[in-house]
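Asks: Sharing a structure below in structure tokens format, with a few things to ask.
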Amino acid sequence: MANSKKQKQLSISKLKSEKIYTWFNEKGVGSKKYRDIISEKLNKSRVTLFRDRDKLIKIAEEENEFAALAKVFTIYELNEIIEVFNDYQDAPPEEKESKEEKHQRKLESQKEKVNRSLNDMGMKPLKEEEYRINKNDSE
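No gaps in the numbering here: position 22 of the sequence shown is 22 in UniProt numbering, and each next residue is one more.
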């Protein structure tokens, strides 16, 4: 490879270009957090990012995702987008909850609703111990 005088063409695998394309359209420009990061790194305004997204969608319909990314962004811009995409993959945002966290949040919400309803009916709210079912009572 060291003695080669010719350069190979740059390319990204089909799956990776599809992932970057969908991430940019849904999360990159769709999320305020990542939109701000991308606009700062690329030195582009919010409106320009939305225009780029529209161009990406239009070109991807005619050709494919890689062609869309290659035609809309320069190599430098694409590398910056890939860097932000990789950061997103390493540490997803707080919006993604585990099943236990989601379940716990729903339980807390139900407790608040039950206690509000009990207060409206003139009854005292349930305490933490009263939410749990004792195994000794059921036997």
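For each residue, glycine too, the CB sits at the ideal point set by N, CA and C. Quick caveat, the model's predicted, so the values are computed rather than measured.
(1) Identify the continuous alpha helix (DSSP H) that holds N79 and give its terminal residues.
(2) Specify, as a first and last residue, the run of the alpha helix (DSSP H) that F24 falls within.
(3) Have a look at K41 and K14 and give me their C-alpha separation to the nearest angstrom.
(4) So, helix, strand or coil for Q104, using DSSP?
(5) What does the alpha-carbon distance come out to for the pair S39 and S109?
(6) Can you look up K135 in the DSSP assignment and give me helix, strand or coil?
(7) Does L10 come out as helix, strand or coil in the three-state DSSP assignment?
(8) Check whether the segment 56–74 touches the segment 9–24, taking contact to mean three or more Cβ pairs, one atom from each stretch, closer than 8 angstroms.
(9) Tell me which residues share the same chain as R46 and place their Cβ nearer than 8 angstroms to its Cβ, disregarding the 5 neighbours each side in the sequence.
(10) Is there contact here, the segment 56–67 with the segment 109–124, by at least three beta-carbon pairs under 8 angstroms?
(11) DSSP state of K44, grouped into three classes?
Replies: Once the coordinates are examined:
(1) Run containing N79: 75–90, per the alpha helix (DSSP H) assignment.
(2) Premise fails: F24 is in no alpha helix (DSSP H) and is neither H nor E.
(3) Their backbone Cα atoms lie some 25 angstroms apart in a straight line.
(4) If DSSP states are grouped into helix, strand and coil, Q104 belongs with the helices.
(5) When the Cα atoms are used, S39 and S109 turn out to be separated by approximately 37 angstroms.
(6) Per-residue confidence for K135 stands at a pLDDT of 47, beneath the threshold of 50, marking its modelled position as unreliable; no derived number is given.
(7) DSSP places L10 outside both helix and strand once states are collapsed to three, so it counts as coil.
(8) Between the segment 56–74 and the segment 9–24 there are three or more C-beta pairs closer than 8 angstroms, enough to call the two in contact.
(9) These residues qualify, in order along the chain: R35, S39.
(10) Contact between the segment 56–67 and the segment 109–124 is absent, because fewer than three Cβ pairs lie under 8 angstroms.
(11) Here K44 sits in coil by DSSP.
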